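Asks:
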Amino acid sequence: MITACRRGVEMLGIGSYAPERVMTNDELAARIDTSDEWIASRTGIRERRIASDAESAADLGTAAAARAIEMAGVDASELGLIVVATASPDYYFPATAALIGERLGAAGVPGYDLSAACTGFVFALAQAYGQVASGLTDTALVVGCEVFSRLLDWDDRSTCVLFGDGAGAVVLRGNGSKGGLLGFELGSNGQGGDLLKVAAAGHSRAPAVGPYVTMDGPQVYKFATTVSVESAARVLDAIGLTVDDVDVFVPHQANLRIIEHAARRLGIPAEKVVANVDRYGNTSAASIPICLDEAYRTGRIEPGDVVLMVGFGGGLSWGSCVMEWTIPLKERG
Ligand code: UT7
Numbered sequence: 040m041i042t043a044c045r046r047g048v049e050m051l052g053i054g055s056y057a058p059e060r061v062m063t064n065d066e067l068a069a070r071i072d073t074s075d076e077w078i079a080s081r082t083g084i085r086e087r088r089i090a091s092d093a094e095s096a097a098d099l100g101t102a103a104a105a106r107a108i109e110m111a112g113v114d115a116s117e118l119g120l121i122v123v124a125t126a127s128p129d130y131y132f133p134a135t136a137a138l139i140g141e142r143l144g145a146a147g148v149p150g151y152d153l154s155a156a157c158t159g160f161v162f163a164l165a166q167a168y169g170q171v172a173s174g175l176t177d178t179a180l181v182v183g184c185e186v187f188s189r190l191l192d193w194d195d196r197s198t199c200v201l202f203g204d205g206a207g208a209v210v211l212r213g214n215g216s217k218g219g220l221l222g223f224e225l226g227s228n229g230q231g232g233d234l235l236k237v238a239a240a241g242h243s244r245a246p247a248v249g250p251y252v253t254m255d256g257p258q259v260y261k262f263a264t265t266v267s268v269e270s271a272a273r274v275l276d277a278i279g280l281t282v283d284d285v286d287v288f289v290p291h292q293a294n295l296r297i298i299e300h301a302a303r304r305l306g307i308p309a310e311k312v313v314a315n316v317d318r319y320g321n322t323s324a325a326s327i328p329i330c331l332d333e334a335y336r337t338g339r340i341e342p343g344d345v346v347l348m349v350g351f352g353g354g355l356s357w358g359s360c361v362m363e364w365t366i367p368l369k370e371r372g
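Under this note's numbering, the residues of the sequence shown are numbered 40 to 372, in order.
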């Protein structure tokens, strides 16, 4: 699906949250057969955040959403929609979105969860765009929140070194004209479903232990390097822009080698590429909004900048979005 956005829907606020606990590569190397050198050289990851036993995806998502709402200057009761992208929800139901809404003071606002693994945030952004652009609602909250640490087999070195916990959120509102979100390119292909998955607990496909994340790393790597370049090129083409128009590139933070490969193939110079995978690992649906928030708050993104986001992951799934940054500098704090 490729769409050039025809209605103006812009970002009013953004926020993120990561648990306090930092887990370094050396800490992992003390427990399993791995090393800081292997993890850092193959992935760029040096540390990740891990939720405490008391913290859930809804807790992380609420903290990020509260920051986004505060920056947006809206009251939670003004929200007309809450979409939460997560592959590690608190429950199958109630939706994490309902729990987050209640805690924000937005009880009564419709909220639901969306499952598209690491592409979830871009899919959720497209969902919210559609509802705002069509007039179903004026103001929407989009959250990506994950507690992937609960889905990991901590004895499986091929997966447990890769992921981390965190959350990011944005508030969107229709502006009555144009601008803000400019275009999307989204896709899924269940043929590659077995390459990266977590079985549903208690269901017929659940294994005796876990369920945990399993991944064919090299196959997913091949997919990621190809699809991130192709999807980004397709969305830019659909909206009549070129890579030269891109001011900031915010790819899903799975692996620094994938990020650098995509930027090189697209022809985006290193100074336009945002990466924080070294400090957070792969936070799945939370990775793009965490990265966006950090880039904005540290001055890497300015109002008017054209921002290209690219997500990819389980499904297999992928999604790109181009937006014009609309949050004014004074909100940076
Ligand atoms: O966000 C969702 C999308 N996910 C991704 O995009 C991840 C895509 N995949 C990747 O990023 C990479 O495939 C990995 C980082 C997961 C793995 O890197 P790789 O270069 O593809 O390594 P590999 O799986 O081919 O394994 C190479 C070797 C193997 O040993 P042998 O068979 O060559 O002796 C593994 O057993 O590295 C070994 N290995 C490790 N060694 C030390 C695998 N994990 C580890 C580890 N520490 N943690």
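Where a beta carbon is used, it is the ideal one built from N, C-alpha and C, also for glycine.
These numbers were taken from a predicted model, which means no experiment stands behind them.
Report yes or no: do three or more beta-carbon pairs, one from the segment 280-288 and one from the segment 42-53, lie closer than 8 Å?
Replies: Short answer: they don't touch.
Asks: Please state whether the Cβ-Cβ distance between residue 238 and residue 211 is less than 7 Å.
Replies: Not closer than 7 Å, so no.
Asks: Are the C-beta of residue 121 and some C-beta of chain B separated by less than 7 Å?
Replies: Absence of chain B from the displayed structure is noted, only one protein chain being present.
Asks: By the three-class DSSP mapping on this structure, what secondary structure does residue 222 have?
Replies: DSSP places residue 222 in strand when its eight states are reduced to three.
Asks: What I want to know is whether the C-beta of residue 316 ends up closer than 6 Å to one or more non-hydrogen atoms of the ligand UT7.
Replies: No; taking the cut-off as 6 Å, the Cβ of residue 316 has no heavy atom of the ligand UT7 nearer than that.
Asks: Run through the DSSP bridge pairs and tell me what residue 152 is partnered with.
Replies: Answer by DSSP bridge pairing, in chain order: 123.
Asks: Between the beta-carbon of residue 367 and the beta-carbon of residue 328, is there less than 7 Å?
Replies: Result no, Cβ atoms of residue 367 and residue 328 do not sit closer than 7 Å.
Asks: For the ligand UT7, is there a heavy atom less than 6 Å away from the beta-carbon of residue 82?
Replies: Yes - the ligand UT7 has a heavy atom lying nearer than 6 Å to the Cβ of residue 82.
Asks: Count the C-beta pairs between the segment 309-316 and the segment 241-257 that are closer than 8 Å, then say yes if the count reaches three, no if not.
Replies: The segment 309-316 vs the segment 241-257: no contact.
Asks: Would you report the Cα separation of residue 298 and residue 254, rounded to the nearest angstrom?
Replies: Going by the C-alpha atoms only, they are around 19 Å apart.
Asks: Out of curiosity, what's the CA-to-CA distance linking residue 352 and residue 147?
Replies: Spanning the two alpha carbons is a distance of roughly 32 Å.
Asks: Please list, in chain order, all residues of the same chain as residue 81 whose beta carbon is under 8 Å from its beta carbon, the five residues on each side excluded.
Replies: Closer than 8 Å at the Cβ level, and outside the excluded window around residue 81, lie 294 and 296.
Asks: Could you tell me the boundaries of the alpha helix (DSSP H) in which residue 260 lies?
Replies: First-last of the alpha helix (DSSP H) with residue 260: 256-277.
Asks: Evaluate contact between the segment 140-158 and the segment 59-78, counting only Cβ atoms and requiring at least three cross-stretch pairs below 8 Å.
Replies: With a cut-off of 8 Å, the segment 59-78 and the segment 140-158 do not count as touching, because too few Cβ pairs lie within range.
Asks: Would you grab the beta carbon distance between residue 202 and residue 187 for me? Rounded to a whole angstrom, and I think it's under 8 Å.
Replies: So it is a contact: roughly 4 Å between Cβ atoms.
Asks: If we ignore side chains and look at the alpha-carbon of each, how far apart do residue 216 and residue 284 end up?
Replies: Rounded to the nearest angstrom, the two C-alpha atoms are 21 Å apart.
Asks: Would you call residue 193 buried or exposed, if buried means 16 or more other Cβ atoms sit within 10 Å of its Cβ?
Replies: Classification of residue 193: exposed, given that the 10 Å Cβ count is below 16.
Asks: Could you tell me the distance, in whole angstroms, from the CA atom of residue 132 to the CA atom of residue 120?
Replies: About 17 Å.
Asks: Hey, is the segment 177-185 in contact with the segment 322-340, meaning 3+ C-beta pairs nearer than 8 Å?
Replies: Judged by Cβ distances under 8 Å, the segment 177-185 makes contact with the segment 322-340, as three or more pairs qualify.
Asks: Evaluate contact between the segment 94-112 and the segment 68-78, counting only Cβ atoms and requiring at least three cross-stretch pairs below 8 Å.
Replies: At 8 Å Cβ cutoff, the stretches do not touch.
Asks: Have a look at 330, 350 and 360 and flag the residue whose alpha-carbon is nearest the alpha-carbon of residue 53.
Replies: When each option's Cα is compared against that of residue 53, the closest is 330.
Asks: Nearest by alpha-carbon distance to residue 70: which of 199, 347, 304 and 87 is it?
Replies: Per the Cα distances, 199.
Asks: The ligand UT7 and residue 189: does the residue's C-beta get closer than 6 Å to at least one heavy atom of that ligand?
Replies: No, Cβ of residue 189 sits at least 6 Å from all heavy atoms of the ligand UT7.
Asks: Residues in its own chain within less than 6 Å of residue 43 by CB, not counting five upstream and five downstream?
Replies: Within the same chain, residue 43 has close Cβ partners 222, 277 and 278.
Asks: Is residue 304 near the ligand UT7, in the sense that its beta carbon is under 6 Å from a heavy atom of that ligand?
Replies: Residue 304: no, Cβ never under 6 Å from the ligand UT7.
Asks: Do residue 268 and residue 359 come within 7 Å of each other at the CB atom, strictly closer than that value?
Replies: It is not a contact, given that the beta carbons lie outside the stated cut-off.
Asks: Only counting runs of 4 or more residues, tell me where the alpha helix (DSSP H) segments fall wholly within the segment 54-107, in order along the chain.
Replies: Complete alpha helix (DSSP H) runs here, min 4: 64-68 and 75-82.
Asks: For residue 126 versus residue 154, is the C-beta distance shorter than 7 Å?
Replies: Contact flag set, yes.
Asks: Ignore the nearest five residues each way along the sequence and tell me which others in residue 243's own chain have a CB closer than 6 Å to its CB.
Replies: Excluding residues within five positions, none has a Cβ falling inside 6 Å.
Asks: Helix, strand or coil for residue 50, going by three-state DSSP, please let me know.
Replies: Strand.
Asks: Going by C-alpha distance, which of 139, 158, 142 and 175 is nearest residue 289?
Replies: With distances taken between Cα atoms, residue 289 lies closest to 158.
Asks: Reducing DSSP to helix, strand and coil, say where residue 110 ends up.
Replies: Residue 110 falls in the helix class under three-state DSSP.
Asks: Between 72, 92, 176 and 91, which has its C-alpha nearest residue 122's C-alpha?
Replies: Of the listed residues, the one whose Cα sits closest to residue 122 is 176.
Asks: Considering only C-alpha positions, which residue in the set 291, 305, 286 and 292 is nearest to residue 338?
Replies: The option with the nearest alpha carbon to residue 338 is 286.
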